[in-house]
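Following: one structure in structure tokens, then a few remarks.
Number of protein chains: 4
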Amino acid sequence: MGVIGATGYTGVELIRLLLAHPQVNLKVVTSEKNSGSKFSDVFPAFLGLCDLELEPFYPVEVSKKIQVAFLSLPHKSSQEAAAKLRERGLKVIDLSADFRLKSAKEYEQWYEKHQYPNLLKEAVYGLPELYRDKIKEAKLIANPGCYPTSAALALAPLIKEKMIALDSIIIDSKSGASGAGRSVSVDLLYSEVNDGLKAYKVGTHRHTPEIEQTLSDLAGEKVFVSFTPHLVPMDRGILSTVYAKPFRKLKTADVLKVFKNFYKNEKFVRIKPEGSFPNTKDVRATNYCDIAVLYDERVDRIVVLSAIDNLTKGAAGQALQNFNLISGFDESLGLKLFPHVP
Amino acid sequence: MGVIGATGYTGVELIRLLLAHPQVNLKVVTSEKNSGSKFSDVFPAFLGLCDLELEPFYPVEVSKKIQVAFLSLPHKSSQEAAAKLRERGLKVIDLSADFRLKSAKEYEQWYEKHQYPNLLKEAVYGLPELYRDKIKEAKLIANPGCYPTSAALALAPLIKEKMIALDSIIIDSKSGASGAGRSVSVDLLYSEVNDGLKAYKVGTHRHTPEIEQTLSDLAGEKVFVSFTPHLVPMDRGILSTVYAKPFRKLKTADVLKVFKNFYKNEKFVRIKPEGSFPNTKDVRATNYCDIAVLYDERVDRIVVLSAIDNLTKGAAGQALQNFNLISGFDESLGLKLFPHVP
Amino acid sequence: MGVIGATGYTGVELIRLLLAHPQVNLKVVTSEKNSGSKFSDVFPAFLGLCDLELEPFYPVEVSKKIQVAFLSLPHKSSQEAAAKLRERGLKVIDLSADFRLKSAKEYEQWYEKHQYPNLLKEAVYGLPELYRDKIKEAKLIANPGCYPTSAALALAPLIKEKMIALDSIIIDSKSGASGAGRSVSVDLLYSEVNDGLKAYKVGTHRHTPEIEQTLSDLAGEKVFVSFTPHLVPMDRGILSTVYAKPFRKLKTADVLKVFKNFYKNEKFVRIKPEGSFPNTKDVRATNYCDIAVLYDERVDRIVVLSAIDNLTKGAAGQALQNFNLISGFDESLGLKLFPHVP
Amino acid sequence: MGVIGATGYTGVELIRLLLAHPQVNLKVVTSEKNSGSKFSDVFPAFLGLCDLELEPFYPVEVSKKIQVAFLSLPHKSSQEAAAKLRERGLKVIDLSADFRLKSAKEYEQWYEKHQYPNLLKEAVYGLPELYRDKIKEAKLIANPGCYPTSAALALAPLIKEKMIALDSIIIDSKSGASGAGRSVSVDLLYSEVNDGLKAYKVGTHRHTPEIEQTLSDLAGEKVFVSFTPHLVPMDRGILSTVYAKPFRKLKTADVLKVFKNFYKNEKFVRIKPEGSFPNTKDVRATNYCDIAVLYDERVDRIVVLSAIDNLTKGAAGQALQNFNLISGFDESLGLKLFPHVP
């Protein structure tokens, strides 16, 4: 088991989870920038807990040591890494955006030209609550983005049950600062983010086509959505507030019933009782997605709120869920995480 | 000049602004709980800057000393205070919700039975950008709520110009913790709010009818909106992300032009250039409302973002703007506040 | 196993840890204020994870169900609860301050008259790194305070090795807001604490005699210290910066060696390499105490920095360490907690 | 009037203050990185308030337009800029560390070789409360560092009155993140700083010799101090907790009297009443230094706490105080800043 790109926030979150996983023997952790250092030199929180040496990523060497690789690399770098590891027979769980869009053309439109369009066909979108069966057979998993995870789980029951007008969907999402990664930028300095709030990339964020792809797949027709991301002064967490027009008047209890039924066997989706709303703090550092629903009869509109931890259910936790699935383990192995309060 | 109810967050913000106002002589500051203490005992930030003694509120005594009163009282208490001061001829600027709704019936529906329905008729809704002329003549001003201010300024140009479908309006608002006031509650403890995000009172917040009243007045017909407030881990600020369906396809530049024209003479509304979005931190402790607009052609929807400081433009700053108007002063007197960064 | 007083911050932290403990079957969770509610109603983070009903505390009933009780009660209430449970033969781990001071007289001086002075004699101070052998035999454990834990671990090696002048000790401590508990107070509102920093109870904090008691016990003579607590805008964590005059000139490496040797068998104390300093964030929600030492030759003074999580090593984690010891389990059972970054 | 280096945090704070100063006409704002942009492009908070174009720094051009220059440049760059502007007859207020140390040798020891040692002789250390008369005549002012300001004001009365043992001084300082400047570094990312606390550069921070220089000057003999800086998750503010041994037993009231007398004519130093302690939030974005004193008889030690805003009294505000002094204006002109709560 190895983590390729171990020193970003999703990398370190993967390692936190892998260290606690009873069936995992973490052998390889790579970093170009910090190679030669110990993992715990870069993240002193792990002093004595993970003192593995960070190594540069050499695909041939790596493929001799491990059978499954998690890639936490910047997009584009991930493409090549995945290709080389797949060539050597490894199973790959990629946490970048590189294999999430099925269409090379769409990838090019929102990112740039894809270098390995053939691999796009092989990749399975790793959202277990929706694609569990396919994931079990996958060799290359495109681990979903954080915003798309929160949006898809909030909307899947409504779309599957054909309850809402597909052109009425608005996703207003709010994320903690770790969503922007561990790379330096003036905009992400403490004093820029603290005690303020802003939207960014309104209508143009790259997670938009990923969200639309999943919703379209569920709907059986092309879906377009309004998606607005915001940056909130907190470390972790995404709260998505989703609005949609129902086809007919109903009651909150009706919507609730649909959600409870849709997710009745899911260990990581928790439906809130009527009148209670999720808080990102309740799911922090856990793999849960907390969902509340409301039918607002004054305006004949459904509101769904979903909260996840962007680094856990929105990245590393979900990757581990996928790992468990492709490995034949219990899906929640190593993921029974109890939240701390506060 | 007096502040009735000086020890809440809007009270202390009023006093900050009044101390800097060149035409104001602050004589009375009241507090039931802290009467007998100096203002600076309760707020040590004002040591040497405002050492006035807090007194209990006796309408008769107060009316001998001042001509204009700001009321920063809890709703309901404000009704009686306003009535007694109006009886004695004082002009009253009320920062509570007590005189904002024109209809006593609607007030009863969202709050409780109104004690002074006659005063509702006298009250003028104090949003200068929309009701400047009426305000100038007013004796009793209902100072707008923080959310309603941010929503009304974001939507007024679109509704006035009849650009949007009135049943398509969604207002997703995010507020800092001071919006909940300075009263104790476990939910507002530092460790409950910090590093988390949640929505609250979804579809049921009392600012909803106030927002709808203003929009309806602008539209000339009854408007209903989806309104979702969120609590953000920051002291001050409201960001409202507003969605609406336009009647026809257009361009962002078209929307921008409408907004720039609508607010061309306004000193406290700043329209952001295309592609740039407001940050609550940019308006912190100032009276500005920063607005950005976007037409998202992918989904044929307009997005408007407005940022204010909930305690300044959303409360005390706007109250001072109203005070200037009823006093015949320059509207921005004492309100040329330069933001600090960070 | 039961938690008496489950709805404060130490209570909920205990429950987080107990749920993950392989040898614990949590049967009783009490709360006077919230009795009748489910634990997860009060803490929605635990929805589906701990839905036990909160019950009022009836000692007789409780003593039929469990053999060991954790008390997370306000001081004074704890005295009576402990007495009643001890009468019925239960082992008690008390997280309040009620049994920490050996001297009833000193307790009276800093708190008020002690109701059960006889129990003070029975109580063992539960700091395992210093009193492990006594703890193993204890029936009533006085679980240390958060500040005293961070101070004692920082100073024990220096005092045991007689390296410092006992009248030169200064402990400058900084704590997150959860240290003040989950009770309402204007001073602890989000907007009061956020983006600010202050000292409080300078020279008069009740943890002072507790710190001095431990240091005196180690020194074999009465020790007095300067202790200054500060409130930092963060949820969890204590950083203590400790200053003392050495008896002779030395090198940082010498001090480091003493600390490494003193704590060489300790699983929860991590000594930082020279030139590296602890961050409370590195120990958040874990049971670690990270310590750095420095000999500053310019001023001939030793500086020790210790970081703990006030709710874990400073309260519930340490309580569980004590529980493991009195139960004959591995001391770190259920306490192998991997920190999340960020 | 010009600000050379306008896009760091001290630069933008200077501009905030200069815009509000009744005698200042701001003509020049420079930035190498952002030249050609408007100031409000870089800091959108200033949209409509300061839309001056940022220009590269050409000393000759600049000296034609202004008589006084504020330098907010990185150390070393400041040396050359100051030299060139002084050559052309401008008065210079330098906010870097380049002219604070009188001794070129000491500068070299803590920084690197000084390029203009002659200018060191000309420079006056700009702490008005201690060196007002010299400042009035100065042409080149070395504006004090933030930590040294808070330390010097806390210790000056004690040293001047010869009340404390000079080898007993410990300064435990805590600063908000803006103290580290607006330059990119992983360590300063929001998610690294938020919800954590650490010390840094313990015993080796470059402000140490600056602190010692002032204290030595006051004492008339060489003083060495323990100085420990900490990084606190807040934007602005420094709290210094200072410990020292008095020569004789006394009472808090005695110490208080000395401080009140020492600062009796100072507009920007506020002495707290006994038992009350400063909060950085109370001085945020103002030029005040709030000081509390305590004699702790249990340990025979004096504790002084001083709070300033690192960017105002610790940088730009003090620079403006100095500007007023060299310009013959009232020292507090443009500095009557009312704090906002919260």
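Residue numbers (my numbering), protein chains in the order written: chain A, 1 to 342; chain B, 1001 to 1342; chain C, 2001 to 2342; chain D, 3001 to 3342. Ideal Cβ positions, reconstructed from N, Cα and C, are used throughout, including at glycine.
- If the five residues before and after Thr-3252(D) are omitted, its C-beta is found closer than 7 Å to the C-beta atoms of Glu-3274, Val-3293, Leu-3294 and Tyr-3295, all from its own chain and listed in chain order.
- For Gly-1008(B), the secondary structure class from DSSP, reduced to helix, strand or coil, is coil.
- Residue burial is scored here from C-beta neighbours: Val-225(A) has at least 16 other C-beta atoms within 10 angstroms and is therefore classed as buried.
- Contact note: Ala-2315(C) does not reach chain B at a C-beta cutoff of 9 Å; the least C-beta distance is about 14 Å.
- Contiguous alpha helix (DSSP H) elements confined to the region 3173 to 3233 of chain D occur at 3190 to 3193 and 3207 to 3219, taking only those with 4 or more residues.
- Under the three-state reduction of DSSP output, Tyr-1295(B) falls in the strand class.
- Taking 9 Å as the threshold, the shortest C-beta distance from Pro-233(A) to chain D falls below it.
- Val-1024(B) has no beta-bridge partner at all, per DSSP.
- DSSP places Leu-71(A) in the uninterrupted beta strand (DSSP E) bounded by 68 to 71.
- Annotation for Ala-3151(D): Ile-3171, Ile-3211 and Ser-3240 place their beta carbon closer than 6 Å to its own, counting only its chain and skipping 5 residues before and after.
- The beta carbons of Ser-3103(D) and Gly-3008(D) sit about 27 Å from each other, so the pair does not count as a contact at 8 Å.
- Runs of the alpha helix (DSSP H) spanning 4 or more residues and lying entirely within the region 3286 to 3331 of chain D occur at 3317 to 3327, in chain order.
- Under DSSP, Arg-270(A) forms a beta bridge with Asp-290(A).
- Take the alpha-carbon of Arg-301(A) and the one of Ala-244(A): they are about 6 Å apart.
- Under the DSSP definition of a beta bridge, Ile-170(A) partners with Ser-226(A) and Tyr-243(A).
- Leaving aside the five residues that flank Lys-3174(D) on each side, the residues in its chain whose CB is nearer than 6 Å to its CB run, in chain order, His-3230, Val-3232 and Leu-3239.
- Ala-97(A) sits in coil when the DSSP states are folded into three classes, being neither helix nor strand.
- Neighbours of Ala-1020(B) in chain D, taken as residues at a C-beta separation under 7 Å, are given in chain order as Phe-3338.
- At a cut-off of 9 Å, the C-beta of Ser-150(A) has no neighbouring C-beta in chain C.
- Taking a cut-off of 8 Å on C-beta distances, the region 1320 to 1338 of chain B does not touch the region 2015 to 2030 of chain C, as fewer than three cross pairs fall below it.
- Counting other Cβ atoms within 10 Å of its Cβ, Asp-133(A) stays below 16 and is therefore classed as exposed.
- Following the DSSP letters along the chain, one finds Leu-1158(B) inside the alpha helix (DSSP H) bounded by residues 1146 to 1160.
- From the listed residues Leu-3158(D), Val-3184(D), Arg-3100(D) and Lys-3033(D), the smallest Cα separation to Cys-3146(D) is found for Arg-3100(D).
- The Cβ atoms of Gly-1048(B) and Val-1029(B) lie no closer than 9 Å to each other.
- For Thr-1228(B), the C-beta contacts it makes with chain A under 7 Å involve Thr-241 and Val-303, in order along the chain.
- Taken in chain order, the whole beta strand (DSSP E) runs of length 3 or more contained in the region 3116 to 3146 of chain D are 3140 to 3142.
- Proximity of chain D to Leu-1047(B) at the Cβ level (cut-off 7 Å) is accounted for by Arg-3270, in chain order.
- Taking the Cα of Ala-3142(D) as reference, the smallest distance to any Cα among Gly-3328(D), Gly-3334(D) and Gly-3314(D) is reached at Gly-3314(D).
- Counting only residues of its own chain and dropping the five nearest sequence neighbours on each side, Phe-2277(C) has a CB closer than 6 Å to the CB of Ala-2292 and Leu-2305.
- Under a 10 Å Cβ-count criterion, Gly-3328(D) is classified as exposed, with fewer than 16 other Cβ atoms of the shown protein chains found around its own Cβ.
- With respect to the C-alpha of Pro-2246(C), the residue from Asp-2094(C), Leu-2158(C), Val-2184(C) and Phe-2227(C) having the closest C-alpha is Leu-2158(C).
- Residue-level contact check: Tyr-2111(C) does not touch chain D, since none of the beta carbons of chain D fall below 9 Å from its beta carbon.
- Of the candidates Phe-3323(D), Arg-3298(D), Asp-3290(D) and Asn-3322(D), Asp-3290(D) places its Cα closest to the Cα of Ile-3308(D).
- Ser-2185(C) sits away from Gly-1176(B), with the two beta carbons spaced by 9 Å or more.
- For Lys-1249(B), the closest C-alpha among the options Thr-1010(B), Ile-1271(B), Glu-1297(B) and Asn-1261(B) is that of Glu-1297(B).
- With 16 or more neighbouring CB atoms inside 10 Å of its own CB, Tyr-2125(C) falls in the buried class.
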